[in-house]
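There are 2 protein chains.
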Amino acid sequence: MSAVNDQQDIKREKILEASYQRFLHYGYSKTTMNEIAGDLSMSKALLYYYFPDKSELYMAVMRKLASDYLKQLEDKFGHFTDLREAFLFQVNTHHEFIVNNYNFFDFFRLNEQNLPDTIWEIVGHIREAEIKLLAGAIQSEVEKDNLKPVANPIEIVEVFLDALHGIKVGGSLSYKKLNFPHKEHLDEIHNKRLLLIDIFVKGLK
Amino acid sequence: MSAVNDQQDIKREKILEASYQRFLHYGYSKTTMNEIAGDLSMSKALLYYYFPDKSELYMAVMRKLASDYLKQLEDKFGHFTDLREAFLFQVNTHHEFIVNNYNFFDFFRLNEQNLPDTIWEIVGHIREAEIKLLAGAIQSEVEKDNLKPVANPIEIVEVFLDALHGIKVGGSLSYKKLNFPHKEHLDEIHNKRLLLIDIFVKGLK
DNA sequence: ACCTGACTTTTTTAACAAAACTATCAATTT
DNA sequence: AAATTGATAGTTTTGTTAAAAAAGTCAGGT
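In the order they appear, the protein sequences are chains A and B.
To convert, note that position 182 of the first sequence is 182 in full-length UniProt numbering; the numbers rise steadily by one, no gaps.
To convert, note that position 28 of the second sequence is 28 in full-length UniProt numbering; the numbers rise steadily by one, no gaps.
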């Protein structure tokens, strides 16, 4: 890796950081490329030198967020004393992630119907990683004889994640039936998820 | 009840039935009052003689659907041998209801942001009734000593319903397709729900 | 290779008229 | 008096267009 490319990577990082702040604060559609460029005291054209378009820039930021989020999970997984602890950490970390970046995700709310495929690749990637970690946790518990043997850990984790998702989108809260919950509901969602964990983990024993 | 009012009620029923067919086939916004009137060979003005406005007409139809649906549930509840059976019946009946009337609910998707309060009263009423029935089933099992005593059956049922919803809308398959799953996925969804019921019921024991 | 000002193209917004539809009502029939 | 309608008033949706704003491009400078 040459010094030139190091410099390039540093600049890319700066752009990602500035973009993240704008997206987080104002949302996708109320952030202009000119504003991002202005924050960095560079020309808009330079942004297009580093990123092909606005949407790719947004998704690059999102990939970074996803990567940080997954690293947070991966660092901790493998060191849990029981399954409940693992599930709890997943739910809490996820909750924190959503709360901290809530406004960033207004991109989802605006385009709701047809989002670019790349977005779903990222979401899918996160989900796959989560499934792997949680299924691993189950497997590990089975091997420690804390859990009865289970036919298909992945299927169970999928049901668990879907259930968590359902607590986000369905039910009494999202009467304003959007794909994404309102901020005031996040804590209530979190509490329900904790209850689900208790029942679910006990049901697996 | 006089003969005149009987006649009136019959006509109201006819209007509800014709409206239901239109709403089911074309959705709310693509159904005009003229078309409904035309189907019944009556003038549009007469519709307004029987119902105050289009939205009230729609909601009258919806109330009827909700009532039929709940009766279906209530007839069966109280006669289950165990909790699993009750949960299963709820799942199957609800699914059937949604699938059969899928197009009718276009109204929800179109107005998404701000639906009339009356709609949410109806939806809330359905949900409350479901919660009551399922919570009752739990309570009944507790009293039969098939289930350990439980702090808040209602909260548990809410989580259960949300989880079911999540298995329908979320997850690996229809992350893109926001609202309803494809037919190919119905079996997978059903299997996941069975799995959830098993884990959930066991977790409550 | 990195960067910009000026430029072109696309998208959003606002204004407004035409069309479609909801809703009302005086008049008419039963 | 209750049921019904044609005509019409009022409102929402749709289509059109022009201006503004923002995305995206490029020739040329460092």
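Cβ atoms here follow ideal geometry from the backbone N, Cα and C, with glycine treated the same way.
**OP:** Please report how far the alpha carbon of A/K183 lies from the alpha carbon of A/E56, in whole angstroms.
**Re:** On the first sequence, position 183 is the one that residue 183 of chain A refers to. On the first sequence, position 56 is the one that residue 56 of chain A refers to. If I take the Cα positions, the gap works out to 26 Å.
**OP:** Could you tell me whether the Cβ of A/F200 comes closer than 8 Å to any Cβ of chain B?
**Re:** As a working mapping, residue 200 of chain A is identified with position 200 in the first sequence. Yes - at least one Cβ of chain B is within 8 Å of the one on A/F200.
Original post:
Quick one: is A/D145 buried, meaning 16 or more other Cβ sit within 10 Å of its Cβ, or exposed?
Top reply: One-based indexing of the first sequence puts residue 145 of chain A at position 145. Its Cβ having fewer than 16 others within 10 Å, A/D145 is exposed.
**OP:** Taking C-beta pairs closer than 8 Å, name the residues in chain A that B/I156 reaches, listed in chain order.
**Re:** Within the second sequence, residue 156 of chain B is the residue found at index 156, counting from 1. By Cβ distance, chain A contributes L195, I199.
Original post:
Would the segment 37-57 of chain A and the segment 84-103 of chain A be scored as touching if the rule is three or more Cβ pairs under 8 Å?
Top reply: no
Original post:
When burial is assigned at 16 or more other CB atoms within 10 Å of the CB, is B/D162 buried or exposed?
Top reply: Taking the first residue of the second sequence as position 1, residue 162 of chain B is located at position 162. Flag for B/D162 reads buried.
Original post:
Per DSSP, what kind of secondary structure is A/T32 in: helix, strand or coil?
Top reply: Taking the first sequence and counting its residues from 1, one reaches residue 32 of chain A at position 32. In the structure shown, A/T32 sits in coil (DSSP, three-state: anything other than H, G, I, E or B).
Subject >> Range covered by the alpha helix (DSSP H) that runs through A/Y58 >> reply: Translated into the one-based positions of the first sequence, residue 58 of chain A becomes position 58. Taken as a continuous stretch (DSSP letters only), the alpha helix (DSSP H) holding A/Y58 covers 54-76.
Subject >> Opening and closing residue of the alpha helix (DSSP H) in which B/K132 lies >> reply: Here residue 132 of chain B is taken as the residue at index 132 of the second sequence, counted from 1. Looking at the DSSP string, the run of the alpha helix (DSSP H) that includes B/K132 is 117-143.
**OP:** Examine chain B for any beta-carbon lying closer than 8 Å to the beta-carbon of A/A60, and answer yes or no.
**Re:** The residue given as residue 60 of chain A occupies position 60 in the first sequence. By this cut-off, A/A60 is not an interface position.
**OP:** Count the other C-beta atoms from every protein chain shown that fall within 10 angstroms of the C-beta of B/K30, then say buried if there are 16 or more, exposed otherwise.
**Re:** Start at 1 with the first residue of the second sequence, and residue 30 of chain B comes out as number 30. Burial call: exposed.
Original post:
Are any of the Cβ atoms in chain A nearer than 8 Å to that of B/K148?
Top reply: What you label residue 148 of chain B is simply residue 148 of the second sequence in a count that begins at 1. So, not an interface residue.
Original post:
Under a three-way DSSP split, which group does B/S43 fall into?
Top reply: Here residue 43 of chain B is taken as the residue at index 43 of the second sequence, counted from 1. Residue state, collapsed to three classes: coil.
**OP:** Quick one: measure Cβ to Cβ for A/L83 and A/V201, integer angstroms, because I've assumed they're closer than 8 Å.
**Re:** Position 83 of the first sequence, counted from the first residue, corresponds to residue 83 of chain A. Position 201 of the first sequence, counted from the first residue, corresponds to residue 201 of chain A. With a Cβ gap of about 5 Å, A/L83 and A/V201 count as contacting.
**OP:** Indicate the three-state DSSP secondary structure (helix, strand or coil) for A/V150 in the structure shown.
**Re:** Within the first sequence, the letter at position 150 stands for residue 150 of chain A. Looking at A/V150 - three-state DSSP - the assignment turns out to be coil, as it is neither helix nor strand.
Original post:
chain A beta carbons: is any one of them nearer than 8 Å to that of B/K192?
Top reply: By one-based count along the second sequence, residue 192 of chain B stands at place 192. Yes, contact with chain A.
Subject >> Cβ contact (3+ pairs, closer than 8 Å) linking the segment 114-134 of chain A and the segment 123-134 of chain B >> reply: no
**OP:** Work out the CA separation of A/I156 and A/E81 for me, nearest whole Å.
**Re:** Here residue 81 of chain A is taken as the residue at index 81 of the first sequence, counted from 1. Here residue 156 of chain A is taken as the residue at index 156 of the first sequence, counted from 1. Checking the sequence shown, residue 81 of chain A turns out to be Thr, not Glu. Roughly 20 Å between the two C-alpha positions.
**OP:** Could you check how far apart the C-beta atoms of B/F77 and B/G136 are, in whole angstroms? I think they sit under 8 Å.
**Re:** As a first step, residue 77 of chain B is located in the second sequence; it is residue number 77 there, counting from the start. As a first step, residue 136 of chain B is located in the second sequence; it is residue number 136 there, counting from the start. The Cβ separation is near 7 Å, so the contact holds.
**OP:** Compare the Cα-Cα distances from B/V142 to each of B/L204, B/Q8, B/I197, B/N103 and report the closest residue.
**Re:** Locating residue 142 of chain B in the second sequence gives position 142, where the first residue counts as 1. Taking only the C-alpha atoms, the option nearest B/V142 is B/L204.
Subject >> Three-state secondary structure assigned by DSSP to A/K176 >> reply: The residue given as residue 176 of chain A occupies position 176 in the first sequence. With a pLDDT of 47 at A/K176, under the threshold of 50, the modelled position of this residue cannot be trusted; read the value that follows with caution. Three-state result, A/K176: coil.
Subject >> Residue environment, B/Y102, which counts as buried when at least 16 other CB atoms sit within 10 Å >> reply: If you number the second sequence from 1, residue 102 of chain B lands on position 102. Exposed, by the Cβ-count rule.
**OP:** For B/A163, return the contacting residues in chain A, with the cut-off set at a CB-CB distance below 7 Å.
**Re:** Numbered from 1 along the second sequence, position 163 holds the residue referred to as residue 163 of chain B. Result: A163, G166, I167, L196.
Original post:
Helix, strand or coil: which one does DSSP assign to B/F104?
Top reply: What you label residue 104 of chain B is simply residue 104 of the second sequence in a count that begins at 1. Note: B/F104 maps to helix in three-state DSSP.
**OP:** Evaluate B/Y49 with the Cβ neighbour count: other Cβ atoms within 10 Å of its Cβ, from every protein chain shown; 16 or more gives buried, anything less gives exposed.
**Re:** Taking the first residue of the second sequence as 1, we reach residue 49 of chain B at position 49. Exposed: under 16 other Cβ atoms inside 10 Å.
Original post:
What residues from chain B crowd round A/G27, counting only those whose CB sits closer than 9 Å?
Top reply: Reading the first sequence from its first residue, position 27 is the one you call residue 27 of chain A. The premise fails here: A/G27 is roughly 16 Å from chain B at the closest Cβ pair, so nothing lies under 9 Å.
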